[in-house]
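Engineer: To start, I am sharing the structure in question, which I have written as structure tokens.
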Amino acid sequence: MTGLKSKFTDWIQERFDLSQVTHFVSEKKVPYFRGSFWYYFGGVSLFLFVVQVVTGILLLMYYQPGAQTAFESVHFIISKVQFGWLIRSIHSWSANLMILTVFIHMFSVYFAKAFRKPRELTWYSGFALFGLALAFGFSGYLLPWNTLSYFATKVGTEITAVVPIVGEPIMHLLRAGSDVTTTTLTRFFGLHVAILPAIFTVVLSAHLLLIQVQGISEPESWKEYPPEKKSFIPFFPNFVLKDVLLWLIVLNVLAILAVYYPWELGQKADPFASAPAGIKPEWYFLFMYQSLKYLPAKIWLFDGEVVGVLLFGLAGLLWFFVPFWDERTPKGLRNKIINYIGILAVIFIIAMTILGVK
Amino acid sequence: MVTKEERPGRRNVLDRLLKLSVFAWAASIAYPIIAYFKIPPEAESIPTNVVAAKMNELKVNQGKVFRFGNQPAILVRTPDGQWKAFSAVCTHLQCTVQYRDDLQKVWCACHNGIYDLNGASISGPPPRPLQEFKVTTKGDDVIVSKA
Amino acid sequence: MTQRFHILLAVLLVCFAAVAFSENRDTCLSCHTDTGGAEAITFRNDIHFQNGVSCADCHGGDPSAEDMEAAMNPAKGFLGKPKPADIPAMCGTCHDDMRQDFEKGIHGTGLKNNSKGPQCVSCHGIHNILPVKNQLSPVSASNITKTCAKCHSSVDYMKQFNPGLPVDQYEKYLTSVHGKRNAEGDVKVATCVSCHSNHMIFAVKDPRSPVSPMKIPSTCSHCHNNSKYMAEYKIPTNQFDDYVKSVHGVALLKNSDLSAPACNSCHGNHGATPPGVESVSSVCGQCHQANTELYDKSVHHVVFQQQSLPGCVVCHSNHLVKPPTDAMIDFHPDSLCGSCHSDQPDDKAAPVIRSMRATLAGLTKGQAEAEQVLNQAEQLGMDVTETKYSLKDVNQSLIEARVKIHSFAKEPVSESAAPGLKVIAQAKEAGHAAIKEYYFRRKGLGVSTLLLTFVVVLLYLKIRQIEQKSKKS
């Protein structure tokens, strides 16, 4: 067995110099300290993305987009196809878990200040991945074409129209028309299985490459430490094996969720029926939805909704540019301001989500 | 202090067990994925078309009730040899209709409703015509699909 | 003496003058009478004349003028003999509500389209109009049917308006109880206008007509539900009350199902007759053909005829037709079969009753059991929607089997039930399979979790081993 393996690597080595790569990888180390378990969230997000790709491709084998066939094909998958129920429930659960871990990963990077030089690009690409993940969630949600997804998409795309000037054209572009129809479904399907995966793969590759080349960031407190005080573990095989261990557990958690809390299919969407009472978006959009509700109908000259949406846009933009304005803050106050803003953001999001769920 | 060389047995056991358990676990993951590709008995998720009968199954001036999706449908070989298919749900009180070769019409036994071979209600209580389906022949099969 | 004579003459003159001027000076009447005009002579019997309506009140002109030209002067409003189409307006100057009714109805439309159409004088007469209650009037209860028949029995006349209308109503009416009694002078029985109305007559298909399908039960019940009115005829007056509660009554009156029968569907319109004993099953068989075909070939048909029993009505009643239930097929005296048959070895019907009851119970019970299994599977979260749809076929089997009861034989009922029983068996199987699958999923998860636990533990040990190894080196 080992003889075969070394023969194979030798054959490759003669054609492509693996030694640099293997050498590089063997040198990589990961900081080891009390808070280093946060480092795993990036990997778990990546693993959940892979799960999504695999289960998504499997679902593609039987799913048929279109208002006449989408719901029926999902029903077919969960009731007739062997283990179809498992693949579909894992896909739905993993989507939600992925967004949760991406949130956690983003905030842990933020509080660790790992966006600072030279890792600004990693932060920017990561934020782009976060936005793409939300787009994945939004586009995928419509695909079963049931009551919840139809009305959630209707409400969600209405909100884009609120943005002045560009809002309406964007809504028309998303909806492929003025209403949510079978063409909207096909468009979202194209987004979900072709356009978004392509963009995501490119940005993800950039994100991972940057991390590999720049190495894992060390905690801020280590800036004052002498080299002996810093403790590391090798990336390969220690950290990788621990990553794999965690991923295996996550996979089993997904299976348990799929069996004990299977994802509902609900009723087929009826565009002529009225929206069900208490319709709201998925939990990861809930904090925005809920806070919009608290704004008064009119603020000065503008609609409350418009102000709300624009404020969220502005907040997102500021968050995106945190490496930029962090650098321009007075050095003494830097960490404090970052932390306060971050804590405020976390509390706001959690509070609004809880209020939205009620 | 025990050297590396003195503990090869323990390491080999762990490695072997690890490889074995990974293999078993991978099989338990691969099995559902492979089974997933097995075509379920109803290959179509939506009954857009159904093989209603074989070419020689119905004589001229004969009809057959068959299942189309979750509703009954009726296939008729008309007296002049044409194939016609309709929903077999009577538009009066939803009984299942049948073909009467003596009348050469579609008949509902419940209250004597009669439909002609275009599906139109020509006698009795049915208020609306029968929904007509499309019939195509392919080789030996007579296939009925939604119009 | 001369003075007294002059006073008498003056008084006489005054009297003559008074009489001369007070006698309305109807020159039309006096002239036409003198010339022997029939209408002027008969007009004295007319109710209009007796109530002070003069010729000029309808025909216009100047009744005070002696001269014919002055009296019949168009400048004085003389209309002469009115055109038929103008007659309703002429009568309507006083009888306006009746004119409005007339014009709303189909006679009014007929007149508008064809001057030969009916108008007031066609039925009421001219110049000899009598009150309706006067039995000599052409529109009295005794005579109205003949008056209507004048036009409605004439093929050539009715052809001008609607060639499709039948012209045998009067003929049929004379054969009916209504017609026979009417001919004997009974003014209480139904005549044409009792059902069709007098002036505002609508076509039968028009929903405003009292003889349109949904209105017929209440029209007939005006008399037939009035026990005081019907007292002398000694026939029951509960038909309407029964009918309204029946399947037919609910279908027609509550659900507006025009295919449901009203009184005339079974009794006829003009030749209204209760169907005789032999004809009951053919009346019911108009719609319930399958049941009737089976019944006619069955043993009950022969037996009921021999005993002069009215076929379908024996079990189903005539007016209060209730939704049939499976409980009718039983032995105890409250059930239908049990009212004649008993569960004794000498009763040939007993095994048939037992078999039919068991077959139907098998279907209904089996359906309930299958539904229960499927609901259980659904509660567990398994998807059984397709199987639930297939259970609809059981209803079809039940309907067919229940129709086949009318053969009063075992085999047809069991034959119709067989496909339903098969579907029930398949549905139960599918339900149990779904429940099994539910438990299989949990077991499968358990197996894979167990395997994973092994992997995790071993992997953890491996990691520890690697860490210990690197610590030492």
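Protein chains in written order, with our numbering: chain G, 3 to 360; chain R, 390 to 536; chain V, 11 to 483.
By construction, the Cβ of each residue, glycine as well, lies at the ideal position given by its N, Cα and C atoms.
1. Using a beta-carbon distance cut-off of less than 7 Å, what residues from the segment 45-60 of chain G approach chain R?
2. With DSSP run on the structure shown, which of helix, strand or coil describes R451(V)?
3. Identify each residue in the segment 405-426 of chain V for which the Cβ-Cβ distance to at least one residue of chain R is less than 9 Å, and report them in chain order.
4. Can you find a CB in chain V that lies within less than 9 Å of the CB of S81(G)?
5. Count the other CB atoms within 10 Å of the CB of F10(G); is the residue buried (16 or more) or exposed (fewer)?
6. With 9 Å set as the bound, which would you pick, yes or no: does the beta-carbon of D166(V) sit closer than that to a beta-carbon of chain R?
7. Identify the continuous beta strand (DSSP E) that holds F234(G) and give its terminal residues.
8. Does the segment 223-232 of chain V touch the segment 246-257 of chain V, meaning 3 or more C-beta pairs lie closer than 8 Å?
9. Starting from the beta carbon of R451(V), find every residue of chain G whose beta carbon is closer than 7 Å, and list them in chain order.
10. Out of D328(G), P298(G), L288(G) and W302(G), which one is the CA nearest neighbour of I356(G)?
11. Going by C-alpha distance, which of F43(G), F49(G) and E29(G) is nearest R253(G)?
12. If you follow the beta strand (DSSP E) that V524(R) is part of, which residue opens it and which one closes it?
13. Tell me the rounded alpha-carbon separation between F350(G) and I167(G).
14. Using the Cα positions of G8(V) and V214(V), report the straight-line distance between them to the nearest angstrom.
15. Any chance you could list the beta strand (DSSP E) runs of at least 3 consecutive residues sitting entirely within the segment 232-295 of chain G, in chain order?
16. How many Å lie between I87(G) and I422(R) at the Cα?
17. Using DSSP bridges, identify the partner residues of Q460(R).
18. If you follow the beta strand (DSSP E) that C502(R) is in, where does it begin and where does it stop?
19. Looking at the unbroken alpha helix (DSSP H) that takes in D530(R), where does it start and where does it end?
20. Taking S400(V) as the query, report the chain G residues whose CB atoms sit under 8 Å from its CB, ordered along the chain.
21. When you compare only the Cα positions, how much space is there between I245(V) and S150(V)?
22. With H, G and I counted as helix, E and B as strand and the rest as coil, what does DSSP make of G278(V)?
23. Report the residue from N148(G), A260(G), Y263(G) and A69(G) whose alpha carbon sits nearest the alpha carbon of I281(G).
24. Give a yes or no on whether 9 Å exceeds the smallest Cβ distance from K244(G) to chain B.
25. If you follow the beta strand (DSSP E) that V495(R) is in, where does it begin and where does it stop?
26. Taking the alpha helix (DSSP H) that K473(R) belongs to, which residues open and close that run?
27. What did DSSP end up calling F304(G) once you bin it into helix, strand or coil?
28. Going straight from the alpha carbon of S365(V) to that of A428(V), what length do you get?
29. Just verifying my parser: in three-state terms, what is the DSSP assignment at Y41(G)?
30. So that I know if they touch, is there some Cβ in chain R lying closer than 9 Å to that of I258(G)?
31. Please tell me whether I251(G) has its Cβ less than 9 Å away from any Cβ of chain V.
32. Do you know how far the Cα of A271(G) is from the Cα of T71(G)?
33. Taking D67(V) as the reference, give the member of F464(V), P94(V) and A99(V) with the closest Cα.
34. With H, G and I counted as helix, E and B as strand and the rest as coil, what does DSSP make of I511(R)?
35. Where do the ends of the beta strand (DSSP E) carrying Q487(R) lie?
36. Grab the span of the beta strand (DSSP E) containing V312(V) for me, first residue to last.
Structural biologist: Answer, in terms of the structure:
1. L60
2. Within the third sequence, residue 451(V) is the residue found at index 441, counting from 1. Three-state DSSP puts R451(V) in a helix.
3. N405, Q406, I409, E410 and V413
4. Here residue 81(G) is taken as the residue at index 79 of the first sequence, counted from 1. At least one chain V Cβ lies under 9 Å of S81(G).
5. Working through the first sequence from its first residue, we reach residue 10(G) at position 8. When all chains shown are included, F10(G) counts as exposed.
6. Position 156 of the third sequence, counted from the first residue, corresponds to residue 166(V). Chain R contact via Cβ: absent.
7. As a working mapping, residue 234(G) is identified with position 232 in the first sequence. Looking at the DSSP string, the run of the beta strand (DSSP E) that includes F234(G) is F234 to P236.
8. With a cut-off of 8 Å, the segment 223-232 of chain V and the segment 246-257 of chain V count as touching, because enough Cβ pairs lie within range.
9. Working through the third sequence from its first residue, we reach residue 451(V) at position 441. Chain G residues near R451(V): V261.
10. For the purposes of this step, residue 356(G) is taken as the residue at position 354 of the first sequence. Taking only the C-alpha atoms, the option nearest I356(G) is L288(G).
11. Taking the first sequence and counting its residues from 1, one reaches residue 253(G) at position 251. Note on identity: in this sequence residue 253(G) is Leu, with Arg being the wrong assignment. Answer by Cα proximity: F49(G).
12. As a working mapping, residue 524(R) is identified with position 135 in the second sequence. From DSSP, the beta strand (DSSP E) with V524(R) extends over E521 to K527.
13. As a first step, residue 350(G) must be located in the first sequence, where it is residue number 348. As a first step, residue 167(G) must be located in the first sequence, where it is residue number 165. Between F350(G) and I167(G), the C-alpha separation is close to 29 Å.
14. This structure gives no information on residue 8(V), because the portion of chain V shown stretches from 11 to 483.
15. 234-236
16. By 1-based counting over the first sequence, the position of residue 87(G) is 85. By 1-based counting over the second sequence, the position of residue 422(R) is 33. Inspection of the sequence shows that residue 87(G) is occupied by Trp rather than by Ile. One C-alpha to the other measures close to 12 Å.
17. Taking the first residue of the second sequence as 1, we reach residue 460(R) at position 71. According to DSSP, residue pairing for Q460(R) in a beta bridge involves F457(R).
18. Here residue 502(R) refers to the residue found at position 113 of the second sequence. According to the sequence as given, residue 502(R) is Gly; it is not Cys. Segment G502 to Y504, the beta strand (DSSP E) holding G502(R).
19. Your numbering for residue 530(R) matches position 141 in the second sequence. That residue, D530(R), is in no alpha helix (DSSP H); its beta strand (DSSP E) goes D530 to S534.
20. Taking the first residue of the third sequence as 1, we reach residue 400(V) at position 390. Those do not exist, as S400(V) stays about 14 Å from chain G at its closest Cβ, beyond 8 Å.
21. Walking along the third sequence from the start, residue 245(V) turns up at place 235. Walking along the third sequence from the start, residue 150(V) turns up at place 140. One C-alpha to the other measures close to 26 Å.
22. The count along the third sequence starts at 1 and reaches residue 278(V) at position 268. Residue state, collapsed to three classes: coil.
23. Translated into the one-based positions of the first sequence, residue 281(G) becomes position 279. Answer by Cα proximity: N148(G).
24. Considering every chain present, this structure includes no chain B. Its protein chains are G, R and V.
25. Against the second sequence, residue 495(R) aligns to sequence position 106. Counting along the chain, the beta strand (DSSP E) containing V495(R) begins and ends at K494 to C497.
26. For the purposes of this step, residue 473(R) is taken as residue 84 along the second sequence, with counting starting at 1. Per DSSP, K473(R) belongs to no alpha helix (DSSP H); it is in the beta strand (DSSP E), W472 to S476.
27. Locating residue 304(G) in the first sequence gives position 302, where the first residue counts as 1. Residue state, collapsed to three classes: strand.
28. The sequence position of residue 365(V) within the third sequence is 355, counting from 1. The sequence position of residue 428(V) within the third sequence is 418, counting from 1. Using only the alpha carbons, I get a separation of about 13 Å.
29. Here residue 41(G) refers to the residue found at position 39 of the first sequence. DSSP places Y41(G) in helix when its eight states are reduced to three.
30. As a working mapping, residue 258(G) is identified with position 256 in the first sequence. Closer than 9 Å: no.
31. Here residue 251(G) refers to the residue found at position 249 of the first sequence. So yes, I251(G) belongs to the interface.
32. Along the first sequence, one-based indexing puts residue 71(G) at 69. Along the first sequence, one-based indexing puts residue 271(G) at 269. Using only the alpha carbons, I get a separation of about 12 Å.
33. Translated into the one-based positions of the third sequence, residue 67(V) becomes position 57. It is A99(V) whose Cα lies nearest to the Cα of D67(V).
34. By one-based count along the second sequence, residue 511(R) stands at place 122. Here I511(R) sits in strand by DSSP.
35. Taking the second sequence and counting its residues from 1, one reaches residue 487(R) at position 98. Looking at the DSSP string, the run of the beta strand (DSSP E) that includes Q487(R) is Q487 to R489.
36. By one-based count along the third sequence, residue 312(V) stands at place 302. That residue, V312(V), is in no beta strand (DSSP E); its alpha helix (DSSP H) goes V309 to Q316.
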